[in-house]
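Chemist:
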Amino acid sequence: MMTLAELAYWQSTSLRVVGGLAAVLLMAGTLVYLHLFKLVSFMQSRLGPMETGPYGSLQLLAEVGKFLQKEDIFPRKADRFVFAAAPFVVLMSTFLLVVVVPGGPDAWFIDSDLGIYLAMAVSSVSVIGILMAGWGSANKYSLMGGLRATGQLIAYELPLILAVVGVVIQAGTMNMQGIVLAQADGEIFGWGAIGNPFILTQFVGLAVFLIAMQAELTQSPFDMPVAESELVTGYMTEYSGMRFLLFFIGEFATAGVFSAIAAVLFLGGWYVPGIDSDSNAFNVIGPLVMLGKVVFVSFLVFWARFTFPRFREDQLQRLAWKFLIPIALVNIVATGILKVAF
Amino acid sequence: MSSADSSTDTTEEAPVAETDEAREALLARLSDELGDALVGSHLVAGDDLWIRIARDSWLESARLLRTDLGFAYFSFLSAIDWMPSPYGRSMESQVDLSLEDAASADPEPTEQGVAGGDTRFQILARVNDVSSHLGITLKADVPDDDLSISSWIDVYPGVNWHERECWEMFGIEFSGHSNLEHLYLPGAFEGHPMRKDYPLLARHVKPWPGIVDVEAMPDDGDGEGES
Amino acid sequence: MTDVSDRQKLSYIAAQAADARVNLEIESEGMTLNLGPQHPATHGTLRIIARLDGEQVIKADPVMGYMHRGYEKLTEVRSYPQVTALVNRIDWLGSFANEVPFILAAEKLMEVEAPPRAQWIRTILFEMSRIANVVLFLGDMAVQVGAVTPVFFAFRDREHILNQMEAVTGGRFHPNFDRIGGLKDDLPKGWVDETQQVMKKMRRFCDEIETLVMGNEIFQARTRGIGIIPADVGLSYGLSGANIRGSGVDYDLRRDNPCGLVHDQIDWKVWTHPDGDSFSRFWVRLQEVRESTLMVDQLLSDIPAGPIMAKVPKIIKVPAGEAYVETENPLGAMGYYVVSKGDLVPFRVKIRSASFSNVSITPWLLQGVYVPDIITILGSLYFILGDIDR
Numbered sequence: 001m002m003t004l005a006e007l008a009y010w011q012s013t014s015l016r017v018v019g020g021l022a023a024v025l026l027m028a029g030t031l032v033y034l035h036l037f038k039l040v041s042f043m044q045s046r047l048g049p050m051e052t053g054p055y056g057s058l059q060l061l062a063e064v065g066k067f068l069q070k071e072d073i074f075p076r077k078a079d080r081f082v083f084a085a086a087p088f089v090v091l092m093s094t095f096l097l098v099v100v101v102p103g104g105p106d107a108w109f110i111d112s113d114l115g116i117y118l119a120m121a122v123s124s125v126s127v128i129g130i131l132m133a134g135w136g137s138a139n140k141y142s143l144m145g146g147l148r149a150t151g152q153l154i155a156y157e158l159p160l161i162l163a164v165v166g167v168v169i170q171a172g173t174m175n176m177q178g179i180v181l182a183q184a185d186g187e188i189f190g191w192g193a194i195g196n197p198f199i200l201t202q203f204v205g206l207a208v209f210l211i212a213m214q215a216e217l218t219q220s221p222f223d224m225p226v227a228e229s230e231l232v233t234g235y236m237t238e239y240s241g242m243r244f245l246l247f248f249i250g251e252f253a254t255a256g257v258f259s260a261i262a263a264v265l266f267l268g269g270w271y272v273p274g275i276d277s278d279s280n281a282f283n284v285i286g287p288l289v290m291l292g293k294v295v296f297v298s299f300l301v302f303w304a305r306f307t308f309p310r311f312r313e314d315q316l317q318r319l320a321w322k323f324l325i326p327i328a329l330v331n332i333v334a335t336g337i338l339k340v341a342f
Numbered sequence: 001m002s003s004a005d006s007s008t009d010t011t012e013e014a015p016v017a018e019t020d021e022a023r024e025a026l027l028a029r030l031s032d033e034l035g036d037a038l039v040g041s042h043l044v045a046g047d048d049l050w051i052r053i054a055r056d057s058w059l060e061s062a063r064l065l066r067t068d069l070g071f072a073y074f075s076f077l078s079a080i081d082w083m084p085s086p087y088g089r090s091m092e093s094q095v096d097l098s099l100e101d102a103a104s105a106d107p108e109p110t111e112q113g114v115a116g117g118d119t120r121f122q123i124l125a126r127v128n129d130v131s132s133h134l135g136i137t138l139k140a141d142v143p144d145d146d147l148s149i150s151s152w153i154d155v156y157p158g159v160n161w162h163e164r165e166c167w168e169m170f171g172i173e174f175s176g177h178s179n180l181e182h183l184y185l186p187g188a189f190e191g192h193p194m195r196k197d198y199p200l201l202a203r204h205v206k207p208w209p210g211i212v213d214v215e216a217m218p219d220d221g222d223g224e225g226e227s
Numbered sequence: 001m002t003d004v005s006d007r008q009k010l011s012y013i014a015a016q017a018a019d020a021r022v023n024l025e026i027e028s029e030g031m032t033l034n035l036g037p038q039h040p041a042t043h044g045t046l047r048i049i050a051r052l053d054g055e056q057v058i059k060a061d062p063v064m065g066y067m068h069r070g071y072e073k074l075t076e077v078r079s080y081p082q083v084t085a086l087v088n089r090i091d092w093l094g095s096f097a098n099e100v101p102f103i104l105a106a107e108k109l110m111e112v113e114a115p116p117r118a119q120w121i122r123t124i125l126f127e128m129s130r131i132a133n134v135v136l137f138l139g140d141m142a143v144q145v146g147a148v149t150p151v152f153f154a155f156r157d158r159e160h161i162l163n164q165m166e167a168v169t170g171g172r173f174h175p176n177f178d179r180i181g182g183l184k185d186d187l188p189k190g191w192v193d194e195t196q197q198v199m200k201k202m203r204r205f206c207d208e209i210e211t212l213v214m215g216n217e218i219f220q221a222r223t224r225g226i227g228i229i230p231a232d233v234g235l236s237y238g239l240s241g242a243n244i245r246g247s248g249v250d251y252d253l254r255r256d257n258p259c260g261l262v263h264d265q266i267d268w269k270v271w272t273h274p275d276g277d278s279f280s281r282f283w284v285r286l287q288e289v290r291e292s293t294l295m296v297d298q299l300l301s302d303i304p305a306g307p308i309m310a311k312v313p314k315i316i317k318v319p320a321g322e323a324y325v326e327t328e329n330p331l332g333a334m335g336y337y338v339v340s341k342g343d344l345v346p347f348r349v350k351i352r353s354a355s356f357s358n359v360s361i362t363p364w365l366l367q368g369v370y371v372p373d374i375i376t377i378l379g380s381l382y383f384i385l386g387d388i389d390r
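What follows is the structure, given as structure tokens:
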């Protein structure tokens with residue numbers, strides 16, 4: 001079997017584009033249906049969509065059709081170019097993120113030694129898009145939302161990265177494949193029956209990562225930038241139609257991609273115990289395993305989102321700087337000491 | 001969780017005589033303190049107390065009630081226009097007087113309510129004492145040629161919106177109120193809707209048919225409720 | 001405005017000082033933020049013009065009247081029985097409770113007393129409209145703080161109450177059921193048992209809210225110490241209901257001024273909380289819903305037998321006089337000052353609605369708070385636009 005690297009450039013690029021689109025859109029669709037439509041409905045003692053398709057499974061297509069038909073409204077005083085470009089910048093960050101996530105031993109988009117480093121770097125691009133949207137809308141609510149989002153995303157970038165450092169120390173690599181393999185082939189103090197999924201040894205890092213991820217996704221309890229009962233969805237207030245849909249896809253796809261990164265870093269990625277990590281079978285079941293783990297992690301995200309009230313801006317900054325960052329730093333030191341000691 | 005609570009007195013029915021004493025004592029105290037400024041009063045035993053204050057003492061009486069007598073709770077402030085409506089006064093007439101007829105109709109005599117009164121407009125306010133559970137309704141005459149009275153805003157800050165509402169609805173000025181602007185009505189609204197001579201246009205566009213559709217009371221055989 | 005409590009003063013000064021340190025070099029002009037009239041936090045069409053420095057409110061100015069319907073003027077051309085249909089729409093979540101004080105005022109002027117059974121059922125429905133109303137507050141407050149789920153629970157469980165109201169009155173929102181001298185109809189068969197079941201459900205809902213919302217650390221962080229109303233300020237602004245009891249004032253008209261309702265014949269207690277912040281207002285309301293369910297249980301267990309209408313003439317003419325009746329409605333003290341001249345229609349009706357006074361404190365209360373706290377404070381004051389604008 002030929003691997004991606006042996007194909008001609010145009011072939012591999014087209015495959016990557018198609019694969020990336022499919023990964024982002026399918027994942028976003030799955031999460032919207034499973035979590036936004038159904039999980040939340042059940043939590044709120046509703047049924048959710050039931051009419052379009054079996055159990056409302058085609059509701060999403062109907063929603064997309066509705067959004068595409070809507071008028072694309074520009075506020076009169078909006079900075080038209082910035083306003084129009086912002087959703088694409090946000091979505092671009094999601095697409096750049098998805099390329100580092102591996103789906104199997106040979107099923108990957110890029111196999112970079114800088115994998116997780118790249119992911120952390122490009123995830124910040126969405127901040128620019130959000131700030132553009134907030135500024136370009138010429139709306140005070142949007143501006144406040146945009147500024148809050150910027151402050152929040154920058155504040156939580158730090159604990160996010162620091163939480164990853166523990167994993168990187170333990171795995172000894174920043175390559176995403178390497179991290180999966182390190183977990184698949186690892187041992188916990190000499191016991192290697194299930195490998196070493198870092199959820200067991202990096203649980204502090206996982207907790208920090210999940211909290212910071214929740215904030216990066218601006219999901220409740222960190223949804224001050226979009227606070228719909230207050231800022232009326234903040235930077236998205238003025239968007240309608242297709243551009244709102246892009247933000248919407250971006251929101252859920254980013255939730256999916258971050259869940260995927262969390263799955264790779266802490267849950268062993270495409271690996272499940274019991275099958276040899278070199279096995280070709282993982283090229284087929286690996287993406288499905290990934291999807292399962294993504295659904296699980298994003299379940300936690302949406303569970304929290306629809307349960308918790310939101311922090312105030314100063315409270316969430318305090319949480320980041322006074323609690324998460326010190327905890328993450330202690331975790332790094334402890335991991336380093338243990339790594340050297342054992 | 002801290003909570004201060006108290007149970008109700010389930011057995012003690014407040015005896016009428018006792019409350020009366022409290023109200024009478026209060027009235028006596030008020031007439032002592034206010035002197036001539038207490039123009040009129042009305043006391044319903046075991047129920048309620050009305051006093052009528054001279055316009056010039058309106059502010060002092062509020063200060064007295066709040067600081068010396070413990071009436072810390074401000075309930076409401078409004079006004080009454082005692083002029084009978086020129087557009088027909090009730091549903092006894094089959095059709096209300098139309099706008100044109102209003103001027104020619106004989107004006108009915110203006111009668112003020114309890115605690116008396118001399119003027120068309122009266123200010124009406126109520127304050128409560130939350131510890132003794134007494135309430136007192138204050139009235140003050142406002143003469144037509146000078147529709148103004150001193151504002152209570154320094155004594156009861158909560159009177160702010162009530163005075164604004166009263167100002168826009170009745171056209172009574174409150175001296176000392178720094179912010180008399182429209183509360184409910186649009187800024188350019190003309191007239192004072194709660195005055196009796198302000199027509200309720202909807203009633204003139206489609207006059208009321210009068211009492212024609214009397215609904216029978218439940219279980220009603222002879223026009224009286226069942227006993 | 002006048003007296004600021006020391007605690008508020010201190011927190012305001014501290015916040016100002018902290019901001020001054022930060023803003024030493026980036027001196028900024030303020031910004032005016034217009035919340036409403038169409039805004040999810042305003043329960044209708046209240047508008048708040050807030051002058052901001054950063055996210056801190058320098059001055060907040062509520063603007064209302066978008067829904068003013070002129071009920072006081074309209075009552076002057078409505079016969080007494082017709083007025084109840086109007087006043088139903090004042091606080092539209094607890095409609096039945098709006099009718100009660102007006103009917104009681106009219107009865108006082110006519111010197112008619114409703115038979116005991118009618119008074120009893122009136123009190124039951126009065127308390128049930130309180131539950132229906134405040135339950136929605138409990139869910140809605142969570143939405144204001146950002147948790148979207150509890151409000152669905154609130155709507156789900158309020159439905160039980162509305163069904164029971166509908167079974168008696170025929171109306172879910174606007175029963176128009178109270179009559180001068182009694183009630184329109186008697187209770188339907190089996191209603192008492194069903195209602196007892198519903199009260200159990202409502203207590204379960206209260207437990208749920210207590211753990212899901214009130215016990216949540218984020219909710220507490222967002223509401224504790226926010227929007228503190230000292231008791232004396234609250235009194236001078238005429239705050240009532242849970243807003244004033246949340247400031248530690250032990251004042252409940254159901255106990256302190258029972259007129260025509262039978263609250264003095266059952267065993268219950270008035271809940272107060274000394275803190276005066278948004279949390280304490282929420283806490284008091286939660287306890288009051290629970291207390292109300294217990295009150296309804298007690299009332300249901302011994303409804304006296306007898307007629308539900310006193311002898312009243314077919315065409316109601318109210319003798320000349322003036323009466324003010326105030327009851328403890330779901331939103332606070334609601335009173336009607338009724339002036340009669342012996343006609344079919346009231347000469348003047350002054351409606352003292354609770355929310356109008358409750359919201360009048362906002363310019364004072366919102367000074368120095370942050371934009372997110374505007375929402376929680378407004379939410380915790382709990383107003384209904386119809387009750388402000390009348």
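So the sequence lines, in the order shown, correspond to chains A, B and C. Per the numbering used here: the first sequence = residues 1 to 342. Per the numbering used here: the second sequence = residues 1 to 227. Per the numbering used here: the third sequence = residues 1 to 390. Here a beta-carbon is modelled for each residue, glycine too, at the ideal position from N, C-alpha and C.
Mind checking if Ala346(A) is an interface residue toward chain C, Cβ cutoff 8 Å exclusive?
Modeler: Since the first and last residues shown for chain A are 1 and 342, residue 346(A) lies out of range.
Chemist: In chain C, what lies closer than 7 Å to Met194(B) by C-beta?
Modeler: Within the second sequence, the letter at position 194 stands for residue 194(B). What Met194(B) touches in chain C: Glu72 and Lys73.
Chemist: Ends of the beta strand (DSSP E) at Tyr324(C)?
Modeler: On the third sequence, position 324 is the one that residue 324(C) refers to. Tyr324(C) -> beta strand (DSSP E) spans Gly321 to Asn329.
Chemist: Under 9 Å between beta-carbons, which chain C residues line up against Phe74(B)? List them in chain order, please.
Modeler: Numbered from its first residue, the second sequence carries residue 74(B) at position 74. Here the neighbours are Leu235, Ser236, Tyr237, Gly238 and Ser357.
Chemist: If you follow the beta strand (DSSP E) that His42(B) is in, where does it begin and where does it stop?
Modeler: Residue mapping note: residue 42(B) aligns to position 42 of the second sequence, counting from 1. Element bounds for His42(B): Leu38 to Val44.
Chemist: Measure the alpha-carbon distance for Asp96(B) versus Ser360(C) and round it to whole angstroms.
Modeler: Reading the second sequence from its first residue, position 96 is the one you call residue 96(B). Reading the third sequence from its first residue, position 360 is the one you call residue 360(C). Low local confidence applies: a pLDDT of 49 at Asp96(B) is under 50, so the model's placement there is unreliable, with the coordinate-based value given in what follows. Going from the Cα of Asp96(B) to the Cα of Ser360(C) covers about 37 Å.
Chemist: Count Cβ pairs between the stretch 144-151 of chain C and the stretch 215-223 of chain A that sit closer than 8 Å; are there 3 or more?
Modeler: yes
Chemist: Give a yes or no on contact between the stretch 127-140 of chain A and the stretch 64-83 of chain A, applying the rule of three or more CB pairs nearer than 8 Å.
Modeler: yes
Chemist: Residues of chain A with CB under 7 Å from Tyr370(C), in chain order?
Modeler: The residue given as residue 370(C) occupies position 370 in the third sequence. The contacting residues are Arg312.
Chemist: Roughly how many angstroms lie between the CA atoms of Val168(A) and Met224(A), to the nearest whole one?
Modeler: Here residue 168(A) refers to the residue found at position 168 of the first sequence. Here residue 224(A) refers to the residue found at position 224 of the first sequence. Their Cα atoms are separated by approximately 31 Å.
Chemist: Going along the chain, which residues of the stretch 162-188 of chain B sit with their C-beta nearer than 9 Å to a C-beta in chain C?
Modeler: Among the residues of the stretch 162-188 of chain B, those with a Cβ less than 9 Å away from any Cβ of chain C are His162, Glu165, Met169, His182, Leu183, Tyr184, Leu185 and Pro186, in the order of the chain.
Chemist: Below 7 Å on C-beta distance, what does Gly139(C) contact in chain A?
Modeler: The residue given as residue 139(C) occupies position 139 in the third sequence. None at all; the shortest Cβ gap to chain A is about 11 Å.
Chemist: Take Met213(A) and list the residues in its own chain whose beta-carbon comes closer than 6 Å to its own, dropping the five residues that flank it on each side.
Modeler: Against the first sequence, residue 213(A) aligns to sequence position 213. Excluding residues within five positions, the ones whose Cβ falls inside 6 Å are Phe258.
Chemist: Using a Cβ-Cβ distance under 8 Å, would Glu92(B) count as near chain C?
Modeler: Counted from its first residue, the second sequence places residue 92(B) at position 92. The pLDDT assigned to Glu92(B) is 49, lower than 50, so where the model puts this residue is not dependable; a value taken from the coordinates is nonetheless given after this. Yes, contact with chain C.
Chemist: How would you call Val213(C), buried or exposed, if buried means at least 16 neighbouring beta carbons within 10 angstroms?
Modeler: As a working mapping, residue 213(C) is identified with position 213 in the third sequence. Label assigned to Val213(C): buried.
Chemist: Measuring only between beta-carbons, confirm whether Leu200(B) sits less than 8 Å from chain C.
Modeler: In the second sequence, counting from the first residue as 1, residue 200(B) sits at position 200. So, interface residue.
Chemist: What residues from chain B crowd round Asp232(C), counting only those whose CB sits closer than 8 Å?
Modeler: Position 232 of the third sequence, counted from the first residue, corresponds to residue 232(C). Per Cβ cutoff of 8 Å: Ala72.
Chemist: To the nearest angstrom, how far is the alpha carbon of Val333(A) from that of Ala263(A)?
Modeler: Against the first sequence, residue 333(A) aligns to sequence position 333. Against the first sequence, residue 263(A) aligns to sequence position 263. Each residue's Cα considered, the two are about 23 Å apart.
Chemist: Going straight from the alpha carbon of Tyr141(A) to that of Tyr33(A), what length do you get?
Modeler: Mapped onto the first sequence, residue 141(A) falls at position 141. Mapped onto the first sequence, residue 33(A) falls at position 33. Cα to Cα, Tyr141(A) sits roughly 29 Å from Tyr33(A).
Chemist: DSSP puts Glu228(B) in a beta bridge; with which residues?
Modeler: The displayed coordinates of chain B run from 1 to 227. Any statement about residue 228(B) would go beyond what the structure contains.
Chemist: Would a C-beta distance cut-off of 8 Å place Ala28(B) and Ser57(B) closer than the cut-off?
Modeler: Residue 28(B) sits at position 28 when you count from the first residue of the second sequence. Residue 57(B) sits at position 57 when you count from the first residue of the second sequence. In this structure, Ser57(B) does not lie closer than 8 Å to Ala28(B) by Cβ.
Chemist: To which residues does DSSP link Ile53(B) through a beta bridge?
Modeler: Here residue 53(B) is taken as the residue at index 53 of the second sequence, counted from 1. DSSP output for Ile53(B) lists Leu38(B) and Ala140(B) as bridge partner(s).
Chemist: Using a Cβ distance threshold of 8 Å, determine whether the stretch 90-108 of chain C contacts the stretch 128-143 of chain C, with at least three qualifying pairs required.
Modeler: yes
Chemist: At the level of alpha carbons, what is the spacing between Tyr117(A) and Asp277(C)?
Modeler: As a position in the first sequence, residue 117(A) is number 117, starting the count at 1. As a position in the third sequence, residue 277(C) is number 277, starting the count at 1. Between Tyr117(A) and Asp277(C), the C-alpha separation is close to 46 Å.
Chemist: Please list the terminal residues of the continuous alpha helix (DSSP H) segment that includes Pro62(C).
Modeler: If you number the third sequence from 1, residue 62(C) lands on position 62. Unbroken run through Pro62(C) is the beta strand (DSSP E), Gln56 to Val63; no alpha helix (DSSP H).
Chemist: Output the residue ranges of the alpha helix (DSSP H) runs that lie fully inside the stretch 112-188 of chain C and measure 4 residues or longer, sorted by chain position.
Modeler: 116-145 and 150-169
Chemist: Can you name, in chain order, every residue of its own chain whose Cβ lies under 7 Å from the Cβ of Gln177(A), other than the five neighbours on each side?
Modeler: Here residue 177(A) corresponds to residue number 177 of the first sequence, with the count starting at 1. Excluding positions up to five away in sequence, the list reads Pro102, Trp108 and Asp111.
Chemist: Check whether the stretch 237-252 of chain C touches the stretch 293-307 of chain C, counting contact only when three or more Cβ pairs, one atom from each stretch, lie closer than 8 Å.
Modeler: no
Chemist: Residues of chain A with CB closer than 8 Å to the CB of Asn216(C), please, in chain order.
Modeler: Residue mapping note: residue 216(C) aligns to position 216 of the third sequence, counting from 1. Phe308 and Pro309, listed in chain order.
Chemist: Using the C-alpha atoms, what's the distance from Lys200(C) back to Leu183(B)?
Modeler: In the second sequence, residue 183(B) corresponds to position 183, counting from 1. In the third sequence, residue 200(C) corresponds to position 200, counting from 1. When rounded, the distance between both Cα atoms is 43 Å.
Chemist: According to DSSP, simplified to helix, strand and coil, what is Ala188(B)?
Modeler: Residue mapping note: residue 188(B) aligns to position 188 of the second sequence, counting from 1. Reduced to three states, the DSSP call for Ala188(B) is coil.
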